[in-house]
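Trainee: Per this note's numbering, residue 3 is the first one in the sequence shown, and the count goes up by one each step.
Backbone N, C-alpha and C fix where the C-beta goes; we use that ideal spot for every residue, glycine too.
Here the structure is a predicted model, which means the values were calculated and not measured.
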Amino acid sequence: IMNRNHTTARIAHVFSGTFVHSTPRAAVEILQNCVLGVDDKGKIAFIEKHQDVVSLSEIWGFETSDIKQLGQYEFLMPGMVDTHIHASQYSYAGTALDLPLLEWLNTYTFPVEAKYKDLDFANDVYTKVVRRTLKNGTTTACYFATIHTDASLLLGELADRFGQRALVGKVCMDCNSAYPNVKPVVTPRFAPSCSSSLLSELGEIANNNKLHVQSHISETKEEVELVKTLFPGCKSYTDVYLKHNLLTDRTVMAHGCHLTDEELEIFRETGSAVSHCPNSNISICSGILNVRNVLNHKVKLGLGTDVAGGYSPSMLDAMRRTLDTSKALTIQDPQHKTLSFEEVFRLATLGGSEALSLDDQTGNFVVGKDFDALRVNVCVPDGPIDLFPGEGDDRNITEVYMAGRRVVPFPDT
Numbered sequence: 003i004m005n006r007n008h009t010t011a012r013i014a015h016v017f018s019g020t021f022v023h024s025t026p027r028a029a030v031e032i033l034q035n036c037v038l039g040v041d042d043k044g045k046i047a048f049i050e051k052h053q054d055v056v057s058l059s060e061i062w063g064f065e066t067s068d069i070k071q072l073g074q075y076e077f078l079m080p081g082m083v084d085t086h087i088h089a090s091q092y093s094y095a096g097t098a099l100d101l102p103l104l105e106w107l108n109t110y111t112f113p114v115e116a117k118y119k120d121l122d123f124a125n126d127v128y129t130k131v132v133r134r135t136l137k138n139g140t141t142t143a144c145y146f147a148t149i150h151t152d153a154s155l156l157l158g159e160l161a162d163r164f165g166q167r168a169l170v171g172k173v174c175m176d177c178n179s180a181y182p183n184v185k186p187v188v189t190p191r192f193a194p195s196c197s198s199s200l201l202s203e204l205g206e207i208a209n210n211n212k213l214h215v216q217s218h219i220s221e222t223k224e225e226v227e228l229v230k231t232l233f234p235g236c237k238s239y240t241d242v243y244l245k246h247n248l249l250t251d252r253t254v255m256a257h258g259c260h261l262t263d264e265e266l267e268i269f270r271e272t273g274s275a276v277s278h279c280p281n282s283n284i285s286i287c288s289g290i291l292n293v294r295n296v297l298n299h300k301v302k303l304g305l306g307t308d309v310a311g312g313y314s315p316s317m318l319d320a321m322r323r324t325l326d327t328s329k330a331l332t333i334q335d336p337q338h339k340t341l342s343f344e345e346v347f348r349l350a351t352l353g354g355s356e357a358l359s360l361d362d363q364t365g366n367f368v369v370g371k372d373f374d375a376l377r378v379n380v381c382v383p384d385g386p387i388d389l390f391p392g393e394g395d396d397r398n399i400t401e402v403y404m405a406g407r408r409v410v411p412f413p414d415t
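#1: Tell me, please, which residues DSSP counts as bridged to residue 203.
#2: Using a Cβ-Cβ cutoff of less than 6 Å, which residues in the same chain neighbour residue 192 once the five nearest sequence positions on both sides are dropped?
#3: Should residue 389 be labelled buried (16 or more other beta-carbon atoms within 10 Å of its own) or exposed?
#4: Should the stretch 268-280 be called in touch with the stretch 357-371, which here means at least 3 C-beta pairs below 8 Å?
#5: Buried or exposed: which applies to residue 49, given that a residue is buried once 16 or more other Cβ atoms fall within 10 Å of its Cβ?
#6: Residue 247 to residue 142, Cα distance in whole Å?
#7: By alpha-carbon positions, which one of 106, 301 and 399 ends up nearest to residue 269?
#8: Quick check on the DSSP output: the beta strand (DSSP E) that includes residue 167 runs from which residue to which?
#9: Would the stretch 72-80 and the stretch 42-58 be scored as touching if the rule is three or more Cβ pairs under 8 Å?
#10: Buried or exposed: where does residue 286 fall if 16 or more other Cβ atoms within 10 Å of its Cβ makes it buried?
#11: Using CA coordinates, which residue listed in 373, 398 and 377 is at the minimum distance from residue 385?
#12: For residue 416, which residues does DSSP report across the bridge?
#13: List in chain order: all unbroken beta strand (DSSP E) runs of 3+ residues lying wholly within the stretch 236-270.
#14: Taking 9 Å as the threshold (C-beta atoms), are residue 85 and residue 304 in contact?
#15: Output the boundary residues of the alpha helix (DSSP H) element that contains residue 345.
#16: Please report the Cβ distance between residue 296 and residue 328, rounded to the nearest whole angstrom; I am assuming they are in contact, meaning their Cβ atoms lie under 8 Å.
#17: Is the number of C-beta pairs between the stretch 319-335 and the stretch 152-161 that are closer than 8 Å three or more?
#18: With distances taken between CB atoms, is the gap from residue 310 to residue 145 smaller than 9 Å?
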């Protein structure tokens with residue numbers, strides 16, 4: 003697993019200890035007594051057994067005294083990937099969960115999102131959401147912003163400043179070259195709020211410029227019925243996006259609670275992904291996604307917090323709610339194969355990177371990928387868990403790295 007044909011890149015970090023990640027074959031792989039090197043471009047240079055540390059230091063030119071030794075109760079894991087989060091809704095997360103989706107949008111969401119023409123307001127909320135999600139271990143986030151170009155650009159600027167890998171929509175063509183780890187994403191809100199001509203134009207923009215696409219699909223039954231009336235010439239909700247060239251291998255669609263097997267086949271054929279947002283699905287009573295069925299159709303799937311339909315900006319919460327939802331399906335149908343926590347760990351890391359078509363850059367500890375990682379200490383002082391099994395939170399995440407740069411703790415703290 004070591005690339006000996008290395009370039010002249012200098013080694014910037016070397017960690018020694020336990021590493022936990024996912025591979026396509028193993029939902030969880032635990033690498034004990036290993037050393038991992040990160041070069042000065044932020045990429046993983048090698049990962050090897052600790053017994054080879056002396057020869058590794060000679061090959062790569064680092065001092066053994068520079069190795070960062072992980073403690074007895076520490077490990078490194080890949081950064082988590084939030085495949086669907088509304089940065090603009092963070093200010094009211096945890097409130098306004100008393101209405102179904104379409105009424106919820108009109109009553110709470112649209113009035114708040116109108117405030118983003120004020121850049122001071124946008125700066126306050128966007129700064130807080132980027133810092134909070136980074137502290138929670140989200141190294142990659144796929145953000146919905148608003149219709150306001152300047153505020154959307156500001157969100158990209160803040161993600162870059164604080165060191166988060168981000169996809170930001172509304173699309174602005176000049177931010178693709180501004181920040182290497184921040185990309186534009188074509189963002190039709192969802193089919194009911196877009197005309198056919200707008201959807202066609204967005205599909206053309208996405209395909210001509212090889213851009214990512216994000217939207218919502220089949221979140222509620224009411225929404226699915228509305229789409230049928232708005233697009234009578236389409237066979238299904240999925241067919242609407244397909245006909246407008248918005249389903250590509252760079253597309254991620256949130257929710258999908260009510261997708262049919264025929265629609266999932268289209269997702270598989272086009273390489274499009276589903277973002278599972280279980281907290282939101284339950285909080286505003288949208289529906290329950292059968293993740294096992296999606297995976298059985300070999301459709302790419304990641305997890306999303308969907309703030310503020312989901313009340314928590316933590317991917318750890320998304321993982322727990324994913325397990326809860328799967329168990330609820332098993333209660334309803336004992337034949338349902340419940341997701342394991344190992345599978346959910348993969349969905350939050352490697353699965354998310356696959357859903358966003360970023361798995362060539364991030365998602366696990368593979369030589370050549372960017373070093374996006376969390377340093378986790380199970381025994382952190384005043385932490386939320388004791389040394390027998392329990393629940394953790396952001397207090398257990400002591401350091402966060404994105405592309406080799408330590409971004410948490412924040413420089414100003």
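Mentor: According to the structure data:
#1: The count along the sequence shown starts at 1 and reaches residue 203 at position 201. Partner(s): none; residue 203 has no beta bridge.
#2: Position 190 of the sequence shown, counted from the start, is the residue given in the question as residue 192. Excluding residues within five positions, the ones whose Cβ falls inside 6 Å are 217 and 218.
#3: Along the sequence shown, read from residue 1 onward, the residue named residue 389 stands at position 387. Flag for residue 389 reads exposed.
#4: Yes, the stretch 268-280 touches the stretch 357-371.
#5: The residue given as residue 49 occupies position 47 in the sequence shown. Buried, because 16 or more other Cβ atoms sit within 10 Å of the Cβ of residue 49.
#6: As a first step, residue 247 must be located in the sequence shown, where it is residue number 245. As a first step, residue 142 must be located in the sequence shown, where it is residue number 140. Each residue's alpha carbon lies about 26 Å from the other.
#7: The count along the sequence shown starts at 1 and reaches residue 269 at position 267. Ranking the options by Cα distance to residue 269, first place goes to 301.
#8: What you label residue 167 is simply residue 165 of the sequence shown in a count that begins at 1. From DSSP, the beta strand (DSSP E) with residue 167 extends over 167-171.
#9: Segment contact: the stretch 72-80 against the stretch 42-58, fewer than three CB-CB distances shorter than 8 Å; contact not assigned.
#10: Here the question's residue 286 lines up with position 284 in the sequence shown. That one is buried.
#11: As a first step, residue 385 must be located in the sequence shown, where it is residue number 383. Selected option, being the one with the closest Cα: 398.
#12: What the structure shows of the chain is the stretch from 3 to 415, and residue 416 is not part of that stretch, so it cannot be assessed.
#13: Look at the stretch 236-270 and you find these whole runs of beta strand (DSSP E), each 3 residues long or longer: 253-257.
#14: Reading the sequence shown from its first residue, position 302 is the one you call residue 304. Reading the sequence shown from its first residue, position 83 is the one you call residue 85. Yes.
#15: Counting from one through the sequence shown, the residue named residue 345 turns up at place 343. Annotation for residue 345: the continuous alpha helix (DSSP H) segment containing it runs 343-348.
#16: Walking along the sequence shown from the start, residue 296 turns up at place 294. Walking along the sequence shown from the start, residue 328 turns up at place 326. About 11 Å separates the beta carbon of residue 296 from that of residue 328, a gap too long to meet the 8 Å contact definition.
#17: Judged by Cβ distances under 8 Å, the stretch 319-335 makes no contact with the stretch 152-161, as fewer than three pairs qualify.
#18: For the purposes of this step, residue 310 is taken as residue 308 along the sequence shown, with counting starting at 1. For the purposes of this step, residue 145 is taken as residue 143 along the sequence shown, with counting starting at 1. Not a contact, by the Cβ cut-off of 9 Å.
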